[in-house]
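First up is the structure itself, then whatever we jot down about it.
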Amino acid sequence: MPAKGGADKMDAATYAELKKKRQFKKFQYRGIELEGLLDLSNEELARLVTARARRRFQRGLKRKPMALIKKLRKAKKGLEIGEKPPCVRTHLRNMVIVPEMIGSVVGIHNGKQFNAVEIKGEMVGYYLGEFSMTYKPVRHGKAGIGATKSSRFIPLK
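Count the sequence shown with this note's numbering and you get residues 27 to 183, in order.
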């Protein structure tokens, strides 16, 4: 077993044993398992996704999304088994998540900072921006002075 500090690297046999012990539900996207999704061409994948993403694929992947995919490939290349790749930062919130991106860590810009998101199989077909909120939800506190009728009777000092 690896040390807590992560100094020891797991060999392939140990990793396979651990994976065999923990049986999880097999991920499927519209009836196709992960290995099958990775083998699909862009045209076949376009038939599976929603109409908006299909239109996006039909109009062609532009230079910026292709550059992001190349950076993700480079980050994944040469990693040990079970190791997470380094974060790749991007402003492309309108990028559709494709099966090739699964397992990558993407820093998605929300207008102020980059939120690190690990791409999972369930995210295929969604946009990157859906996983990085652009606003901070309102936290309602107590009412201020003058907000209610009874607050007129509270002395200011």
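All residues carry an ideal CB built from backbone N, CA and C; glycine is no exception. Here the structure is a predicted model, which is why all the values come from computation and not from measurement.
Under DSSP, Phe140 takes part in a beta bridge, and its partners are His135.
Check the Cα spacing between Lys90 and each of His117, Glu106, Phe53: the tightest is with His117. Shown here, Ile95 sits in a helix according to DSSP, grouped into three states. Taking a C-beta distance under 7 Å as the contact criterion, Pro111 and Val143 do not qualify as a contact pair.
With respect to Asn136, Thr160 sits close: the two C-beta atoms are nearer than 7 Å.
Here Ile123 is near Met149, since their CB atoms are less than 7 Å apart. Collapsing the DSSP output to three states places Arg89 in a helix. The Cβ atoms of Lys97 and Val114 sit closer than 7 Å to each other.
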